[in-house]
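S.K.: As they're listed, the protein sequences go chains A and B.
Take any residue in the first sequence, note its place counting from 1, add 357, and you have its number in the numbering used here.
Take any residue in the second sequence, note its place counting from 1, add 457, and you have its number in the numbering used here.
A virtual CB, placed ideally from N, CA and C, is assigned to each residue, including glycine.
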Amino acid sequence: MARSPVAIIAPRWPGGASAALVLLLTFGTLAAVAWQAEWVGGLSTGDWAAVRFTLVQAFVSAAVSVVLAVPVARALARRQFRGRGILITLLGAPFILPVIVAVIALLAVFGRNGVLNDVMVWIGLPRVTIYGFHGVVLAHVFLNLPLATRLLLQGWLSIPAERFRLAATLNADVRRLLEWPMLRATAPNAFLVIFVICLTSFATALILGGGPRATTVELAIYQALRFDFDLGRAALLACVQFGLCAAATVLVWRIAARAEMGAGLDRVVQRWDRAPLALDAIAIALCAGFLIVPLGMIVLRGAPHVADLTAPVWWAAGRSLLVASASACLCVCMALSLALWGGRVAAFVGVLPLAASSLVVGTGLFLIVYPFVRPAEVALPVTALTNATLALPFALHSIAPSVAAIQDDFGRLAMSLNMRRWTWVRLVVLPRMRRPLGFAAGLAAALSMGDLGVITLFAGNAQETLPLAMYRLMGAYQMDQAAAAALLLLALSLLLFWICDRGGRVGAEM
Amino acid sequence: MSKATCLPAVAGLALCATGAMAQDSVLQVLTYDSFVSEWGPGPQIEAAFEERCNCDLQFVGAGDGAALLARLQLEGPQTDADIVLGLDTNLTTAARDTELFAPHGVKADLSLPIAWDDNEFLPFDWGYFAFVGNAGDDAPTSLQALADSDVSIVIQDPRSSTPGLGLLMWVKTAYGDDAAGIWEGLADNVVTVTPGWSEAYGLFLDGEADAVLSYTTSPAYHVIAEEDDSKVAWAFDEGHYMQVEVAGKLAGTDQPELADEFMNFIVSEGFQRVIPTTNWMYPAVTPEVGLPEAFGDLITPSEALLLPPTEAAELRSSALDEWRAALSQ
């Protein structure tokens, strides 16, 4: 993402402030942990085995997710059908679920006692087991295929209608001329995001991996922080995680091409290339089934018990909505300011939070905050701030390409008009960015709804959020209520996502 | 759209977060999450103690037992907590090493199946670890028999969960140098390993495994709260490893008298009566009202196993390596 010569038009200081905040929450918290550490020895052989496993599973999970997302995103991009909008919203669901809910949903379908095995037994085939390396990949694909699809879909939608029109006039091959260059630009970035998300996986990998074979770096960090109280080892492991992320980022930047699609007049895309309908239908149906059946299990299990939910759980839901809204607002502001700032620094800062271990971030923040205030008193603001930062990479991913394109397409015109900085943002950038901004806000809000990171360390009883309440219900044998809370969480996350995403699409034919 | 537009929202959040105001004197008890939840012992105990102390008893939940100790270590000597409640004997050595605890000075007639002599940590409840399965299934009668069988189990990771660590110590205490062999035998029984108790128990209830590592008292929950007698704990010939949950008074407390009053309250009727049907463990002192009827039907292990805290702390690292090596194959 080389800095465009016209990037200087936009105001710079908000981007700098956002970058500083991200650096504080990632490297600053890491430094706070390392500062308190008593250094006793380095990493063990077990830790290095965890690094190897983490890398392999993240690579395979990301590759499978992106490869499977290509046909699905293409089908969604070139077909119009009833329920397409709802399907696209639902595609966001697995990604924003708290891990334990997603795992339970997957096991209800693929587990020993799941729907799949019931069907296998019914047609006389042997039972299959989900636990193992393939289980880890399956779960990560379930969680990330929708994200990959959305990122690629954004790529498809960014090709101006005029290009398709031109290609049709010339009777040219759309795949080679438009779609392949677009994929060269978007697919490596989608791979990177998912690879780094999978790097920090912990409970999913352990539960579906079937045991200590599936030990990830994040689990090793958890052990170091919670059981051994070995802050030095936790800090070292967090450095390893950052190192892996940095290496992957640099590698992807070398591979990824930049798409030069040029400016369009925001016409509705019409396609003249006729692809077989069956292939697209199969891609969409398989993907929808894979994602929606497990979600359906959450609904089935939770629905009968929603009426039993007690007042504290509803209060927790209210608090979660508040935190999610604040987090979404903050996240979009940060992402927009970083995108306007542009350049490699902004791009790197935008990937950084993905590689941060939320355990280290939480512990570091606790150490920073503790001498001054009681953690419970700042639990909700700190959670909103951290969630906004952790969601930043996704928001930036959705916003940055549009900002870059707007600068390329309209920057010269604005400069020739001697447009002032804020006028440029207000008149040119914001109106053209409704769709990615809405998507980014929705994603940030929903991610924040499901987050169970920093809050666990900061919250007292009066600051309980919905995921924390759900987890505490499970810990008190209240599995039915926990299932209902999970359903509530799923519904509220999707609702927030839908409202923001819809808001961004008002008046636009997506 | 500048960042300034977000400030009112964040400020509003900050206002919401600072709600509760103190009455006269405040006693802060750091404990694990499930103790504080509305289903746990916390609310009833708070009411009972506040009735007699004319103070504000505040429970602060901090994850599970291990997270509780980490939280205390993070806060260090300047902690606001006066009492820490919920550590177990696998953690007391590390807790003692922080030098943050003061002698409790409580004399009580404890009803533990073992002798207890610790002047810093006072037991408030205890239980036996056990595998819990479905009534009517063929139940193995020992760890060895379980390892030889093809019964499927879910266990917790000893690196992140106190019950998981309990099982590690159970196998080590019962089999010593042969523990690795038992783990190799158990490897094909273990469906999966979860980060904590909740996930494992949830998987078992969903039918992902024939049994789960929990407590001998777990079936009592299902009988009393759900009138369901389909869950049973399996009695094993080697004896059962114990979990003794303890509380300690912090040396740096600014409410020493109130803290002492609470430590004495822990072994009294008002506290102990609440434990069986909220924490689903055995009370450290059997209350005058006795145990709930369903507790009478629970299995009674032939032998209570428990390593002294220092030995448990020394053995942990090598036992973990054995466990990881056996289950990673």
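Taking the straight line between their C-alpha atoms, what separation do you get for leucine 724(A) and threonine 549(B)?
M.R.: Walking along the first sequence from the start, residue 724(A) turns up at place 367. Walking along the second sequence from the start, residue 549(B) turns up at place 92. Cα to Cα, leucine 724(A) sits roughly 23 angstroms from threonine 549(B).
S.K.: With which residues is aspartate 582(B) paired in a DSSP beta bridge?
M.R.: Here residue 582(B) is taken as the residue at index 125 of the second sequence, counted from 1. Bridge partners of aspartate 582(B): Glu702(B), Pro740(B).
S.K.: Given that a residue counts as buried once 16 or more other Cβ atoms are within 10 Å of its Cβ, and exposed if not, what is tryptophan 405(A)?
M.R.: For the purposes of this step, residue 405(A) is taken as the residue at position 48 of the first sequence. Exposed, by the Cβ-count rule.
S.K.: Which runs of the alpha helix (DSSP H) spanning at least 4 residues fall entirely within the region 609-681 of chain B, listed in chain order?
M.R.: The region 609-681 of chain B contains these whole alpha helix (DSSP H) runs: 619-632, 636-643, 654-662.
S.K.: Given that threonine 813(A) touches chain B, what residues does it touch there, using C-beta distances under 7 angstroms?
M.R.: Along the first sequence, read from residue 1 onward, the residue named residue 813(A) stands at position 456. Per Cβ cutoff of 7 angstroms: Gly520.
S.K.: Could you tell me which chain A residues have their CB closer than 8 angstroms to the CB of tryptophan 654(B), listed as they occur along the chain?
M.R.: On the second sequence, position 197 is the one that residue 654(B) refers to. Simply Gly832.
S.K.: Quick one: residues in its chain with C-beta nearer than 7 angstroms to the C-beta of threonine 787(B), no 5 flanking neighbours on either side, listed in chain order?
M.R.: No statement about residue 787(B) is possible, as the shown extent of chain B runs from 458 to 786 and does not include it.
S.K.: So the beta strand (DSSP E) glycine 468(A) belongs to, where does it begin and stop?
M.R.: To locate residue 468(A), count along the first sequence from 1; it is residue 111. Careful: glycine 468(A) lies outside any beta strand (DSSP E) and carries neither H nor E.
S.K.: Apart from the five residues just before and just after leucine 473(A), which ones in its own chain have a Cβ nearer than 8 angstroms to its Cβ?
M.R.: Within the first sequence, the letter at position 116 stands for residue 473(A). Only Val466, Phe467, Val485 meet the Cβ criterion.
S.K.: Can you grab the Cα-Cα spacing for the pair serine 775(B) / valine 628(B), in whole Å?
M.R.: Counting from one through the second sequence, the residue named residue 775(B) turns up at place 318. Counting from one through the second sequence, the residue named residue 628(B) turns up at place 171. Each residue's alpha carbon lies about 13 angstroms from the other.
S.K.: Secondary structure at aspartate 778(B), three-state DSSP: helix, strand or coil?
M.R.: Position 321 of the second sequence, counted from the first residue, corresponds to residue 778(B). Helix.
S.K.: For leucine 534(A), which option in Arg520(A), Ser755(A), Ala638(A), Ala505(A) has the closest C-alpha, if you only look at C-alpha atoms?
M.R.: The residue labelled residue 534(A) in the question sits at position 177 within the first sequence. That would be Arg520(A), whose Cα lies nearest to the Cα of leucine 534(A).
S.K.: I'd like to check one pair, valine 656(A) with leucine 830(A): are the Cβ atoms closer than 9 angstroms?
M.R.: As a position in the first sequence, residue 830(A) is number 473, starting the count at 1. As a position in the first sequence, residue 656(A) is number 299, starting the count at 1. It is not a contact, given that the beta carbons lie outside the stated cut-off.
S.K.: Out of curiosity, what's the CA-to-CA distance linking glutamate 695(B) and cysteine 857(A)?
M.R.: Translated into the one-based positions of the second sequence, residue 695(B) becomes position 238. Translated into the one-based positions of the first sequence, residue 857(A) becomes position 500. Going by the C-alpha atoms only, they are around 59 angstroms apart.
S.K.: Looking only at DSSP bridge pairs, what is valine 483(B) linked to?
M.R.: Here residue 483(B) refers to the residue found at position 26 of the second sequence. Bridge partners of valine 483(B): Asp513(B).
S.K.: Which of helix, strand or coil does DSSP assign to valine 689(B)?
M.R.: Here residue 689(B) refers to the residue found at position 232 when the second sequence is read from its first residue. Valine 689(B) falls in the strand class under three-state DSSP.
S.K.: In the structure shown, what three-state DSSP assignment does histidine 497(A) receive?
M.R.: Translated into positions along the first sequence, residue 497(A) becomes position 140. Three-state DSSP puts histidine 497(A) in a helix.
S.K.: Can you list, in chain order, the residues of the region 521-533 of chain A whose Cβ is nearer than 9 angstroms to any Cβ on chain B?
M.R.: Per Cβ criterion, the list is empty.
S.K.: Anyone know if the C-beta pair for phenylalanine 693(B) and phenylalanine 578(B) falls short of 9 angstroms?
M.R.: Position 236 of the second sequence, counting from 1, holds the residue named residue 693(B). Position 121 of the second sequence, counting from 1, holds the residue named residue 578(B). No, the Cβ-Cβ distance between phenylalanine 693(B) and phenylalanine 578(B) is not below 9 angstroms.
S.K.: Would leucine 844(A) and arginine 658(A) be called neighbours here (beta carbons separated by less than 9 angstroms)?
M.R.: Translated into the one-based positions of the first sequence, residue 844(A) becomes position 487. Translated into the one-based positions of the first sequence, residue 658(A) becomes position 301. Yes.
S.K.: Could you give the DSSP three-state label for aspartate 858(A): helix, strand or coil?
M.R.: Reading the first sequence from its first residue, position 501 is the one you call residue 858(A). If DSSP states are grouped into helix, strand and coil, aspartate 858(A) belongs with the helices.
S.K.: At the level of alpha carbons, what is the spacing between aspartate 539(B) and glutamate 503(B)?
M.R.: In the second sequence, residue 539(B) corresponds to position 82, counting from 1. In the second sequence, residue 503(B) corresponds to position 46, counting from 1. Looking at the two C-alpha atoms, the distance is approximately 15 angstroms.
S.K.: Would you verify that the beta carbon of alanine 364(A) is, or is not, closer than 9 angstroms to some beta carbon of chain B?
M.R.: Reading the first sequence from its first residue, position 7 is the one you call residue 364(A). In this prediction, alanine 364(A) scores a pLDDT of 49, lower than 50, which makes its location untrustworthy; no coordinate-derived value is stated.
S.K.: What ranges does the alpha helix (DSSP H) occupy inside the region 520-567 of chain A, keeping only unbroken runs of at least 4 residues that lie completely in it?
M.R.: With a minimum length of 4 residues, the continuous alpha helix (DSSP H) runs that stay inside the region 520-567 of chain A are 537-556, 560-566.
S.K.: What residues are listed by DSSP as bridge partners for histidine 697(B)?
M.R.: The count along the second sequence starts at 1 and reaches residue 697(B) at position 240. DSSP output for histidine 697(B) lists Ala761(B) as bridge partner(s).
S.K.: Is there a Cβ from chain A that is less than 9 angstroms from the Cβ of valine 669(B)?
M.R.: Position 212 of the second sequence holds residue 669(B). Cβ-Cβ to chain A under 9 angstroms: no for valine 669(B).
S.K.: Which term fits alanine 642(A), buried or exposed, when burial requires 16 or more other beta carbons within 10 angstroms of its beta carbon?
M.R.: Start at 1 with the first residue of the first sequence, and residue 642(A) comes out as number 285. Label assigned to alanine 642(A): exposed.
S.K.: Name, please, each residue of chain A whose Cβ falls closer than 7 angstroms to the Cβ of tryptophan 496(B).
M.R.: On the second sequence, residue 496(B) is found 39 positions in, with the first residue counted as 1. Residues of chain A passing the Cβ test: Ala833, Gln835.
S.K.: Would you kindly report the start and end of the unbroken alpha helix (DSSP H) that includes leucine 594(A)?
M.R.: Against the first sequence, residue 594(A) aligns to sequence position 237. Its alpha helix (DSSP H) spans residues 588-612.
S.K.: In the DSSP assignment, the beta strand (DSSP E) including valine 541(B) goes from what residue to what residue?
M.R.: Within the second sequence, numbered from 1, the residue matching residue 541(B) stands at position 84. Taken as a continuous stretch (DSSP letters only), the beta strand (DSSP E) holding valine 541(B) covers 540-545.
S.K.: Check whether the Cβ atoms of valine 541(B) and leucine 603(B) lie closer than 9 angstroms to each other.
M.R.: In the second sequence, the residue the question calls residue 541(B) occupies position 84. In the second sequence, the residue the question calls residue 603(B) occupies position 146. Going by C-beta atoms, valine 541(B) is not nearer than 9 angstroms to leucine 603(B).
S.K.: Any beta carbon from chain B within less than 9 angstroms of glutamine 580(A)'s own beta carbon?
M.R.: Working through the first sequence from its first residue, we reach residue 580(A) at position 223. So yes, glutamine 580(A) belongs to the interface.
S.K.: Is the beta carbon of phenylalanine 740(A) sitting closer than 9 angstroms to the one on alanine 816(A)?
M.R.: In the first sequence, the residue the question calls residue 740(A) occupies position 383. In the first sequence, the residue the question calls residue 816(A) occupies position 459. The question names phenylalanine, but residue 740(A) is threonine in the sequence shown. Going by C-beta atoms, threonine 740(A) is nearer than 9 angstroms to alanine 816(A).
S.K.: With a cut-off of 9 angstroms, does the C-beta of glutamine 501(B) fall near any C-beta of chain A?
M.R.: Position 44 of the second sequence holds residue 501(B). Cβ-Cβ to chain A under 9 angstroms: no for glutamine 501(B).
S.K.: Can you give me, in chain order, the residues of the region 588-621 of chain B that have a beta carbon less than 7 angstroms from any beta carbon in chain A?
M.R.: Within the region 588-621 of chain B, the qualifying residues are Asp614, Arg616, Ser617.
S.K.: Taking the straight line between their C-alpha atoms, what separation do you get for lysine 564(B) and valine 742(B)?
M.R.: Taking the first residue of the second sequence as 1, we reach residue 564(B) at position 107. Taking the first residue of the second sequence as 1, we reach residue 742(B) at position 285. Taking the straight line from one Cα to the other gives about 12 angstroms.
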